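Student:
Numbering (the numbering used here), first residue to last: 223 to 360.
The following block contains the structure:
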């Protein structure tokens, strides 16, 4: 893994994240509470809960993107990157852009390209944010 990439961390045939049902029930309740308290949100970006990861990646920073499909249906994906990239990504992970960052990471994961440049992520988030601000009456 390059030190200038975000890795869409997978563990072979098994998911890297344990199923909610194999974790403390407080983890699922916390994710559910986030979406109840933020009804306009579809994505949550957070650190892994203790015991959520099946194995530890070689990188120093990990995050989990949770997508709410319906009020009681969640899907999670794990991502990792080097601490040196945290500063570059820092402007994105400040809460204000989490919905957009979550959508971008989810979309890139769906392409099955498991390692992508941090610059591409930043560029995609900025572009999506700009598109969302465009006045449809222009």
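The beta carbon of each residue, even a glycine, is placed where N, CA and C say it ideally should be.
Source: prediction; values computed, not measured.
1. Which runs of the beta strand (DSSP E), 3 residues or longer, sit entirely within the segment 250-303?
2. What separation, rounded to the nearest whole angstrom, lies between the Cα atoms of residue 360 and residue 250?
3. Could you please give me the residues that DSSP links to residue 326 through a beta bridge?
4. Look up residue 321 in the DSSP assignment and say whether it is helix, strand or coil.
5. Among the residues of its own chain, which have a CB less than 6 Å from the CB of residue 264, if the five just before and after it don't count?
6. Give a yes or no on whether the minimum CB-CB distance between residue 262 and chain B is below 8 Å.
7. Are there three or more Cβ pairs, one per stretch, closer than 8 Å when the segment 284-302 is compared with the segment 242-261?
8. When you compare each of 261, 274, 270 and 268 to residue 243 by their alpha carbons, which one comes out closest?
9. Assign residue 258 to buried or exposed, taking buried as 16 or more other Cβ atoms, counted over all protein chains shown, within 10 Å of its Cβ.
10. Pick from 350, 337 and 341: whose alpha carbon is nearest that of residue 326?
Tutor: Let me spell this out:
1. Runs found: 265-268, 283-292 and 295-303.
2. Note on residue 360: pLDDT 49, under 50, position unreliable in the model; the coordinate value appears next. C-alpha of residue 360 to C-alpha of residue 250: approximately 43 Å in a straight line.
3. Partner(s): none; residue 326 has no beta bridge.
4. Here residue 321 carries a helix assignment [DSSP, helix/strand/coil].
5. Non-local beta-carbon contacts of residue 264 in its own chain, meaning distances under 6 Å to residues more than five positions away in sequence, involve 290 in chain order.
6. Structure shown: chain B not included; a single protein chain is present.
7. The segment 284-302 makes contact with the segment 242-261; the number of CB pairs closer than 8 Å reaches 3 or more.
8. For the residues 261, 274, 270 and 268, the minimum Cα distance to residue 243 belongs to 274.
9. With fewer than 16 Cβ atoms within 10 Å of its Cβ, residue 258 is classed as exposed.
10. Of the candidates 350, 337 and 341, the one whose C-alpha sits nearest the C-alpha of residue 326 is 350.
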